[in-house]
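Okay, structure first, notes after.
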Amino acid sequence: AQKITQTQPGMFVQEKEAVTLDCTYDTSDQSYGLFWYKQPSSGEMIFLIYQGSYDEQNATEGRYSLNFQKARKSANLVISASQLGDSAMYFCAMRFNNAGNNRKLIWGLGTSLAVNP
Amino acid sequence: EAQVTQNPRYLITVTGKKLTVTCSQNMNHEYMSWYRQDPGLGLRQIYYSMNVEVTDKGDVPEGYKVSRKEKRNFPLILESPSPNQTSLYFCASSLLYGPGANVLTFGAGSRLTVL
Chain S
1 AQKITQTQPG
11 MFVQEKEAVT
21 LDCTYDTSDQ
31 SYGLFWYKQP
41 SSGEMIFLIY
51 QGSYDEQNAT
61 EGRYSLNFQK
71 ARKSANLVIS
81 ASQLGDSAMY
91 FCAMRFNNAG
101 NNRKLIWGLG
111 TSLAVNP
Chain U
118 EAQVTQNPRY
128 LITVTGKKLT
138 VTCSQNMNHE
148 YMSWYRQDPG
158 LGLRQIYYSM
168 NVEVTDKGDV
178 PEGYKVSRKE
188 KRNFPLILES
198 PSPNQTSLYF
208 CASSLLYGPG
218 ANVLTFGAGS
228 RLTVL
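Quick mapping for you: the protein sequence lines, in order, are chains S and U. According to this note's numbering, the stretch in the first sequence is residues 1 to 117, in order. According to this note's numbering, the stretch in the second sequence is residues 118 to 232, in order.
Listed below in structure tokens is the structure:
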């Protein structure tokens with residue numbers, strides 16, 4: 001079954017330090033995409049970063065990078081130089097490219113990150 | 118500003134009273150979708166649409182209807198809401214082709230409570 005697992009319900013990090021949020025996935029498909037979204041307390045869902053299964057280099061977007069280890073089926077999010085505004089829920093999600101035109105994402109249950117001053 | 122707009126953001130209603138949550142996007146996206154978010158269950162897809170007049174069921178379509186009469190709008194209709202439809206609802210959209218097709222843009226969410 002296709003599944004996303006985020007094993008850390010909650011994480012704490014000191015301001016200005018780096019933090020890694022874990023994500024593992026389960027699929028037998030070869031073509032898929034991996035996403036991370038941020039949900040602050042206000043509730044909106046904000047796209048952070050994307051990695052395609054055939055991309056050889058890890059994706060980076062500003063302070064966000066995705067540590068993609070295909071053989072281990074993991075797609076961890078690394079946030080460098082944490083800021084107070086990074087405190088939020090973080091969701092890992094996956095889309096299967098053989099799903100036709102349905103851009104459905106399969107979601108993990110999220111990790112709550114708290115950045116301490 | 119490119120965005121997905123949902124209304125209402127918050128709604129408390131009673132069982133059986135029909136309601137519509139509107140969704141509108143200004144990015145000329147072909148694809149639109151509705152999700153619901155529940156504690157312990159994560160986000161689950163309700164319905165999706167690949168273009169005008171083309172809609173299909175997601176994973177949890179029971180109790181919901183949608184329509185896509187215009188490209189920019191994708192309303193979610195609850196004909197007879199029940200308490201188990203109390204949830205946080207998200208509308209999302211994306212292009213179907215091209216580089217932007219990888220990213221779903223979400224609305225701000227609509228928190229619905231059915232008493």
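We put the CB at the ideal spot given by N, CA and C, even for glycine.
Report yes or no: is there a C-beta of chain S within less than 7 Å of the C-beta of F191/U?
On the second sequence, position 74 is the one that residue 191/U refers to. False, the Cβ-Cβ gap to chain S never drops below 7 Å.
Kindly indicate if chain U contains any beta-carbon less than 7 Å away from that of N102/S.
Reading the first sequence from its first residue, position 102 is the one you call residue 102/S. True, the Cβ-Cβ gap to chain U drops below 7 Å.
Under 8 Å by beta carbon: chain S residues contacting L205/U
Reading the second sequence from its first residue, position 88 is the one you call residue 205/U. Result: G43.
Quick check on DSSP: helix, strand or coil for N201/U?
Translated into the one-based positions of the second sequence, residue 201/U becomes position 84. Here N201/U sits in helix by DSSP.
How should P216/U be labelled, buried or exposed, when 16 other C-beta atoms within 10 angstroms of its C-beta is the threshold for buried?
Counting from one through the second sequence, the residue named residue 216/U turns up at place 99. Result: exposed.
Within the continuous beta strand (DSSP E) that includes L109/S, where are the two ends?
The residue you call residue 109/S lines up with position 109 of the first sequence. Where L109/S is concerned, there is no enclosing beta strand (DSSP E), given that its DSSP letter is neither H nor E.
Please list the segments of the beta strand (DSSP E) lying wholly inside the segment 172 to 230 of chain U, counting only runs of 3 or more residues, in order along the chain.
193 to 195 and 204 to 211
State buried or exposed for F35/S, treating a residue as buried only when at least 16 other CB atoms are found within 10 Å of its CB.
What you label residue 35/S is simply residue 35 of the first sequence in a count that begins at 1. Buried, since its Cβ has 16 or more Cβ neighbours within 10 Å.
DSSP on L232/U, reduced to helix/strand/coil?
As a first step, residue 232/U must be located in the second sequence, where it is residue number 115. Coil at L232/U, not helix or strand.
DSSP bridge partner residues for R153/U (one or two, in chain order)
Along the second sequence, read from residue 1 onward, the residue named residue 153/U stands at position 36. BP columns for R153/U point to R161/U and Y206/U.
Establish whether the CB of Q162/U and some CB of chain S are separated by less than 7 Å.
In the second sequence, the residue the question calls residue 162/U occupies position 45. So yes, Q162/U belongs to the interface.
For a quick check, are the C-beta atoms of S166/U and F191/U less than 7 Å apart?
Here residue 166/U refers to the residue found at position 49 when the second sequence is read from its first residue. Here residue 191/U refers to the residue found at position 74 when the second sequence is read from its first residue. Yes, they are a contact pair.
Contact list for Q50/S against chain U, beta-carbon separation under 7 Å
Locating residue 50/S in the first sequence gives position 50, counting from the first residue. Note that residue 50/S is Tyr in the sequence shown here, rather than Gln. Result: N219 and V220.
Any beta carbon of chain U sitting closer than 7 Å to that of G33/S?
For the purposes of this step, residue 33/S is taken as residue 33 along the first sequence, with counting starting at 1. Closer than 7 Å: yes.
Please confirm if Y214/U has its CB atom under 7 Å from at least one CB of chain S.
Residue mapping note: residue 214/U aligns to position 97 of the second sequence, counting from 1. Closer than 7 Å: no.
DSSP three-state assignment for D26/S, whether helix, strand or coil
Here residue 26/S corresponds to residue number 26 of the first sequence, with the count starting at 1. Three-state DSSP puts D26/S in a strand.
State the DSSP-derived secondary structure class of L105/S, mapped to helix, strand or coil.
The residue labelled residue 105/S in the question sits at position 105 within the first sequence. Reduced to three states, the DSSP call for L105/S is coil.
Quick check on the DSSP output: the beta strand (DSSP E) that includes L48/S runs from which residue to which?
Working through the first sequence from its first residue, we reach residue 48/S at position 48. Where L48/S is concerned, the enclosing beta strand (DSSP E) stretches over I46 to G52.
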